[in-house]
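Trainee:
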Amino acid sequence: MKIIIAGIGNIGAGLAGRLLKEGHDIVLVDRNIDRLEYNEETQDVLTVKGTCAAMETLRKAGVEDADLLITATYSDEKNLLSCMTAHSMNPNIKTVARVRSQEYLETTSVFREQFGLSMIIDPGTYAAKDIEAILTYPGFLHRERFTKGMTDVVEAELHPESELCGRPVSAVQEITHSRALVCVVKRDGMAITPERDFILKENDRIYVTAEEDDLSKLLRVFGKKREKVKKVMIVGGGRTAKALITSLQRQKMDITVIDTDREICEELALEFPNASIIHGDGRKLALLERKNVREQDALICLTNDDESNAVLATFANLVKIPLSIIKLKDINYAALLNKIDNVSVINPNQLCGDVIVRFVRALIGRNSAAVSIRSIADGNAQIAEFVVGSGMGHCGEELKNIKFKKNVVLASINRKGKNILPDGESMFLQGDRVLAVFSRDDIKKFDDLFR
3 MKIIIAGIGN IGAGLAGRLL KEGHDIVLVD RNIDRLEYNE ETQDVLTVKG TCAAMETLRK
63 AGVEDADLLI TATYSDEKNL LSCMTAHSMN PNIKTVARVR SQEYLETTSV FREQFGLSMI
123 IDPGTYAAKD IEAILTYPGF LHRERFTKGM TDVVEAELHP ESELCGRPVS AVQEITHSRA
183 LVCVVKRDGM AITPERDFIL KENDRIYVTA EEDDLSKLLR VFGKKREKVK KVMIVGGGRT
243 AKALITSLQR QKMDITVIDT DREICEELAL EFPNASIIHG DGRKLALLER KNVREQDALI
303 CLTNDDESNA VLATFANLVK IPLSIIKLKD INYAALLNKI DNVSVINPNQ LCGDVIVRFV
363 RALIGRNSAA VSIRSIADGN AQIAEFVVGS GMGHCGEELK NIKFKKNVVL ASINRKGKNI
423 LPDGESMFLQ GDRVLAVFSR DDIKKFDDLF R
């Protein structure tokens, strides 16, 4: 496919690299010549300098014969106008716009019906959903939900006191008496898809598929207790915080928000009268101490500065706050922060990238593309959900007779609402929802899992 990406920020640049690996032709549009030259030197892309909402710029980028336009600038208006202009020039083009304003998000249906917009992406909403999932089971560093909410994929660090240390991955099922499956182990910066006899070590970061009823059992064997989160402090009162407060108040949590912008604080105070809204600099540790930060169950760092969020997470660890969750724009910080206990890293840009990659794959192979896809292990592996349709390969065959590609783990099969832990006698049937984990770039649809 020919894909135009407008805006080479954290979303646009990272997305270009992922889509290049999938074999697409990429054209980047931006007003910043330095960004364009850097990406032209480091990636196999074409570049166009100009304003993406202008017809002439879009024409130079080849919009008239392009298959997809993705607008990821920092201006909602520019992103939407670019998509509308592109659709007027090429009625067949698919368009995706990054939008953060609640006012625009509430009129999504109008943009789709009147202006042919294919999809709106909102990093703040995706991040808020991920944070809420972590707070529900705070012993896990990450938690993803698949197969219509019936299968969880959780990340946890193996503590020294865990009874799994020195045991093979198959011991997870034996100890928990569950259908949990270890599908990826992150060790020394490497993502490993383990065999059943792979031996686990302390400080391994492991990714496990399980049903929600088994999550508490998993926490115990990982050497963690599930402590319910009751008091939360949020530093940074922007779009993500607003979406998060809405969901956390439904769970009756005690919420404190600190932000440097007086206008934001006044808006939050009006909208959330039951939350404690404080105007001040949450990066100043003295202020946090005065506001009883040590009494919090979780510190959520949502400022727009990665360094500030990282410092706050380090501070939270020093004063023994049970959990800190931080938003990062630059994924390179994640490797460092993953060495700190009880820190979960959320990257909204990567979440947006996962959604767009899934959308692109669906455009190519609608019947067999993943219906859901997420990056895990700091982007070193992916987990994808497929729905088995008619005519797909290996339907009705026992798995022991099927050859899978290297570094592919079949995590679960959900059939009519029931999860099946795959073994050699399992088989794929039409309508099954299949969860697969892999650390390779050549799997875009269901049949790509096989040799």
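Position 242, counted from 1, in the sequence shown is what my numbering calls 244; the numbers after and before it change by one each time, with no gaps. Think of the CB as a built atom: it goes at the ideal place given N, C-alpha and C, for glycine as much as any other residue.
Expressed to the nearest angstrom, what Euclidean distance is found between the alpha-carbon atoms of Val187 and Lys329?
Mentor: Position 185 of the sequence shown, counted from the start, is the residue given in the question as residue 187. Position 327 of the sequence shown, counted from the start, is the residue given in the question as residue 329. Looking at the two C-alpha atoms, the distance is approximately 23 Å.
Trainee: Mind checking which residues open and close the alpha helix (DSSP H) that includes Cys167?
Mentor: By 1-based counting over the sequence shown, the position of residue 167 is 165. No alpha helix (DSSP H) contains Cys167, which DSSP labels as neither H nor E.
Trainee: Verify whether the separation of the beta carbon atoms of Tyr76 and Gly11 is less than 8 Å.
Mentor: Residue numbering aside, residue 76 sits at position 74 when the sequence shown is read from its first letter. Residue numbering aside, residue 11 sits at position 9 when the sequence shown is read from its first letter. Yes, they are a contact pair.
Trainee: According to the neighbour-count rule (16 or more other Cβ atoms, all chains shown, within 10 Å of its Cβ), is Val156 buried or exposed?
Mentor: As a working mapping, residue 156 is identified with position 154 in the sequence shown. Buried, because 16 or more other Cβ atoms sit within 10 Å of the Cβ of Val156.
Trainee: Hey, could you find the ends of the alpha helix (DSSP H) Ile177 is sitting in?
Mentor: Counting from one through the sequence shown, the residue named residue 177 turns up at place 175. Looking at the DSSP string, the run of the alpha helix (DSSP H) that includes Ile177 is Ala173 to Thr178.
Trainee: Quick check on the DSSP output: the alpha helix (DSSP H) that includes Ser310 runs from which residue to which?
Mentor: On the sequence shown, residue 310 is found 308 positions in, with the first residue counted as 1. From DSSP, the alpha helix (DSSP H) with Ser310 extends over Asp308 to Leu320.
Trainee: Across the segment 55–62 and the segment 35–44, are there enough close Cβ pairs to call them in contact, namely three or more that are closer than 8 Å?
Mentor: Touching, no, given that fewer than three Cβ pairs across the two stretches are closer than 8 Å.
Trainee: If you count every other CB in all the chains shown that lies within 10 Å of the CB of Ala288, and 16 or more means buried, which is it?
Mentor: As a position in the sequence shown, residue 288 is number 286, starting the count at 1. That one is exposed.
Trainee: Roughly how many angstroms separate the alpha carbons of Pro162 and Asp206, rounded to a whole number?
Mentor: Within the sequence shown, numbered from 1, the residue matching residue 162 stands at position 160. Within the sequence shown, numbered from 1, the residue matching residue 206 stands at position 204. Distance between the alpha carbons of Pro162 and Asp206 is about 10 Å.
Trainee: With 16 other CB atoms within 10 Å as the buried threshold, where does Phe224 fall?
Mentor: Taking the sequence shown and counting its residues from 1, the one referred to as residue 224 is at position 222. So Phe224 counts as buried.
Trainee: Since Gln352 sits in a beta bridge, which residues does DSSP pair it with?
Mentor: The sequence position of residue 352 within the sequence shown is 350, counting from 1. According to DSSP, Gln352 bridges with nothing at all.
Trainee: Considering only residues of the segment 17–59, which uninterrupted beta strand (DSSP E) runs meet the minimum length of 3 residues and lie entirely inside it, listed in chain order?
Mentor: Counting whole runs of 3 or more residues, the segment 17–59 contains the beta strand (DSSP E) stretches 27–32 and 48–51.
Trainee: Closest to Asp263 by C-alpha separation, out of Ser346, Thr305, Gly391 and Gly19, would be which residue?
Mentor: As a first step, residue 263 must be located in the sequence shown, where it is residue number 261. Nearest of Ser346, Thr305, Gly391 and Gly19 to Asp263, Cα basis: Thr305.
Trainee: Applying the 10 Å Cβ sphere with the 16-neighbour rule, what's the burial state of Ile35?
Mentor: Taking the sequence shown and counting its residues from 1, one reaches residue 35 at position 33. Label assigned to Ile35: exposed.
Trainee: With distance defined between alpha-carbon atoms, name the residue in Lys219, Arg37 and Val321 nearest to Asn294.
Mentor: For this step, residue 294 is matched to residue 292 along the sequence shown. That would be Val321, whose Cα lies nearest to the Cα of Asn294.
Trainee: Going straight from the alpha carbon of Lys219 to that of Thr178, what length do you get?
Mentor: If you number the sequence shown from 1, residue 219 lands on position 217. If you number the sequence shown from 1, residue 178 lands on position 176. Distance between the alpha carbons of Lys219 and Thr178: 6 Å.
Trainee: When you compare only the Cα positions, how much space is there between Arg69 and Leu22?
Mentor: Within the sequence shown, residue 69 is the residue found at index 67, counting from 1. Within the sequence shown, residue 22 is the residue found at index 20, counting from 1. At residue 69 the sequence reads Asp, which differs from the Arg that was named. When rounded, the distance between both Cα atoms is 15 Å.
Trainee: Given Asn421, which residues of its chain have a CB within under 7 Å of its CB, disregarding the five upstream and five downstream residues?
Mentor: In the sequence shown, counting from the first residue as 1, residue 421 sits at position 419. Correct list, in chain order: Met152, Thr153, Arg181, Glu213 and Ser414.
Trainee: Using the rule of at least 16 other Cβ atoms within 10 Å of the residue's Cβ for burial, across every protein chain shown, is Thr97 buried or exposed?
Mentor: Reading the sequence shown from its first residue, position 95 is the one you call residue 97. Counting Cβ neighbours within 10 Å, Thr97 comes out buried, since at least 16 surround it.
Trainee: Cutting at 7 Å between CB atoms, please list the residues of its own chain near Glu159, excluding the five before and the five after it.
Mentor: Working through the sequence shown from its first residue, we reach residue 159 at position 157. For Glu159, where only same-chain residues beyond five positions count, the Cβ hits under 7 Å are Leu143, Asn205 and Arg207.
Trainee: Using a Cβ-Cβ cutoff of less than 8 Å, which residues in the same chain neighbour Arg114 once the five nearest sequence positions on both sides are dropped?
Mentor: As a first step, residue 114 is located in the sequence shown; it is residue number 112 there, counting from the start. For Arg114, where only same-chain residues beyond five positions count, the Cβ hits under 8 Å are Ser120.
Trainee: Hey, how far is the Cα of Val373 from the Cα of Lys226?
Mentor: The residue given as residue 373 occupies position 371 in the sequence shown. The residue given as residue 226 occupies position 224 in the sequence shown. For Val373 and Lys226, the distance between alpha carbons rounds to 32 Å.
Trainee: Kindly identify the DSSP beta-bridge partner or partners of Tyr149.
Mentor: The residue given as residue 149 occupies position 147 in the sequence shown. It should be pointed out that residue 149 corresponds to Thr in this sequence rather than to Tyr. Partner(s): none; Thr149 has no beta bridge.
Trainee: Should Gly25 go down as buried or exposed, given a rule of 16 or more other Cβ atoms within 10 Å for buried?
Mentor: Position 23 of the sequence shown, counted from the start, is the residue given in the question as residue 25. Gly25 should be labelled exposed.
Trainee: Would you say Gly238 and Gly284 are within 8 Å of each other, going by their C-beta atoms?
Mentor: Walking along the sequence shown from the start, residue 238 turns up at place 236. Walking along the sequence shown from the start, residue 284 turns up at place 282. Yes, Cβ-Cβ distance for Gly238 and Gly284 is below 8 Å.
Trainee: Mind checking whether Ile460 and Ile13 have CB atoms under 8 Å apart?
Mentor: Past the boundaries of the shown model lies residue 460; the chain is included only from 3 to 453, so the question cannot be answered.
Trainee: Kindly provide the ranges of any beta strand (DSSP E) runs that are 3 or more residues long and lie completely inside the segment 399–450, ordered along the chain.
Mentor: Entirely contained in the segment 399–450, the beta strand (DSSP E) runs reaching 3 residues are, in chain order, 410–417, 420–422 and 435–440.
Trainee: Should the segment 169–178 be regarded as contacting the segment 424–440, the criterion being three or more beta carbon pairs within less than 8 Å?
Mentor: No contact exists between the segment 169–178 and the segment 424–440.
Trainee: Could you work out which residue in Glu291, Pro350, Ala271 and Glu197 is closest to Ala308 when comparing CA atoms only?
Mentor: The residue labelled residue 308 in the question sits at position 306 within the sequence shown. The question names Ala, but residue 308 is Asp in the sequence shown. The residue with the shortest Cα to Cα distance from Asp308 is Pro350.
Trainee: Applying the 10 Å Cβ sphere with the 16-neighbour rule, what's the burial state of Val411?
Mentor: Along the sequence shown, read from residue 1 onward, the residue named residue 411 stands at position 409. Looking at its Cβ environment, which holds 16 or more other Cβ atoms inside 10 Å, Val411 is buried.
Trainee: Could you check the C-alpha separation between Ile327 and Val345 for me, to the nearest Å?
Mentor: Mapped onto the sequence shown, residue 327 falls at position 325. Mapped onto the sequence shown, residue 345 falls at position 343. Answer to the nearest angstrom: the Cα atoms are 6 Å apart.
Trainee: Counting only the same chain and skipping the five closest in sequence on each side, list residues whose C-beta sits under 8 Å from that of Gly126.
Mentor: Along the sequence shown, read from residue 1 onward, the residue named residue 126 stands at position 124. Excluding sequence neighbours, Gly126 sits near Arg102, Gly240, Arg241, Thr242, Lys244, Ala245 and Pro350.
Trainee: So, with DSSP's three-state summary, where would you put Glu134?
Mentor: Here residue 134 refers to the residue found at position 132 when the sequence shown is read from its first residue. Reduced to three states, the DSSP call for Glu134 is helix.
Trainee: Locate the alpha helix (DSSP H) running through Tyr106, then write down its first and last residues.
Mentor: Numbered from its first residue, the sequence shown carries residue 106 at position 104. Its alpha helix (DSSP H) spans residues Gln104 to Leu107.
Trainee: Measuring CB to CB, does Thr494 end up less than 8 Å from Ile280?
Mentor: Since the first residue of the chain shown is 3 and the last is 453, residue 494 is not available in this structure.
Trainee: Could you give the C-beta distance for Leu353 and Tyr128, rounded to a whole number, given that I count them as a contact under 8 Å?
Mentor: For the purposes of this step, residue 353 is identified with residue 351 of the sequence shown, where counting begins at 1. For the purposes of this step, residue 128 is identified with residue 126 of the sequence shown, where counting begins at 1. Right, the Cβ-Cβ distance comes to about 4 Å (below 8 Å), so this counts as a contact.
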